[in-house]
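Residue numbers (our numbering): 26 to 155.
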């Protein structure tokens with residue numbers, strides 16, 4: 026996983042205690058962690074997937090829009106939060122690694138150090154009404 030800022034380490038620790046699904050990436054978009062509530066929606070335990078490059082996780086969960094077209098990677102909230110360094114939100118469908126299709130609402134925001142250096146981004150998500 027490489028060296029991480031203390032902020033990311035603490036965020037991962039906090040995420041492990043929360044009941045809200047959380048997904049954490051580093052500045053390059055590499056998946057660092059998702060918590061147990063996220064495992065239920067993504068269809069596989071983090072210990073089984075481990076770290077994934079952005080292009081891998083952005084397609085592994087097969088994000089699709091309401092009309093069935095794939096959501097472009099650059100339109101995913103986590104990718105937008107990293108690129109724009111601003112919060113981003115949208116809803117879309119995924120097919121989890123367990124093969125189950127779910128409608129998710131996703132809000133992502135960047136993580137900055139006290140010096141302003143980008144440390145990564147976090148997504149909070151939940152199953153939305155279809």
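Think of the CB as a built atom: it goes at the ideal place given N, C-alpha and C, for glycine as much as any other residue.
* To do: Run the CB neighbour count on residue 148, radius 10 Å, all protein chains shown included, and call it buried at 16 or more, exposed below.
  => By one-based count along the chain shown, residue 148 stands at place 123. By the 10 Å Cβ count, residue 148 comes out buried.
Report task. For residue 56, write down the residues that DSSP places opposite it in a beta bridge. Result -> Translated into the one-based positions of the chain shown, residue 56 becomes position 31. The partner list for residue 56 (beta bridge, DSSP) reads 50, 77.
Which same chain residues end up closer than 6 Å to residue 52 when comparing Cβ atoms and leaving out the 5 residues on each side of it in sequence?
Start at 1 with the first residue of the chain shown, and residue 52 comes out as number 27. So the qualifying residues of the chain are 143, 145.
| said: I want to check one thing, is the minimum distance from the CB of residue 66 to the heavy atoms of the ligand NAP below 7 Å? | reply: Absence of the ligand NAP is noted for the structure shown, with no ligands found whatsoever.
Beta-carbon gap between residue 90 and residue 77 smaller than 8 Å:
Sequence index remark: in the chain shown, residue 90 carries index 65 (1-based). Sequence index remark: in the chain shown, residue 77 carries index 52 (1-based). No.
- Item | Minimum C-alpha distance to residue 109 - residue among 139, 72, 99, 30 | Counted from its first residue, the chain shown places residue 109 at position 84. Comparing Cα positions, the closest option is 99.
query: Could you give the uninterrupted runs of the alpha helix (DSSP H) lying entirely in the region 84-109, keeping only those of 4 residues or more?
result: 102-109
Of the residues 141, 115, 139, which one's Cα is nearest the Cα of residue 151? Position 126 of the chain shown, counted from the start, is the residue given in the question as residue 151. Residue 115 is the option with its Cα nearest to residue 151.
Notebook entry, point to check: Is residue 131 helix, strand or coil by DSSP?
Noted result: Here residue 131 corresponds to residue number 106 of the chain shown, with the count starting at 1. Reduced to three states, the DSSP call for residue 131 is strand.
Exercise for the section: For residue 95, I'd like the list of residues in its chain whose CB is within less than 6 Å of its CB, leaving aside the five on either flank, ordered along the chain. Expected result: Taking the chain shown and counting its residues from 1, the one referred to as residue 95 is at position 70. Within the same chain, residue 95 has close Cβ partners 89.
query: So residue 117 and residue 129 are in contact, right, with Cβ under 8 Å, and what is the actual spacing, rounded?
result: Translated into the one-based positions of the chain shown, residue 117 becomes position 92. Translated into the one-based positions of the chain shown, residue 129 becomes position 104. Residue 117 to residue 129, Cβ: 6 Å. Contact.
Exercise for review: Would you please state the rounded distance, in angstroms, between the beta carbons of residue 64 and residue 71? I believe it to be under 8 Å.
Suggested key: Translated into positions along the chain shown, residue 64 becomes position 39. Translated into positions along the chain shown, residue 71 becomes position 46. Between residue 71 and residue 64 the Cβ distance is about 6 Å, and since that is below 8 Å, they are a contact.
Please determine, among 66, 57, 138, the residue with the shortest C-alpha to C-alpha distance to residue 46.
-> Along the chain shown, read from residue 1 onward, the residue named residue 46 stands at position 21. Among 66, 57, 138, the Cα nearest to that of residue 46 belongs to 66.
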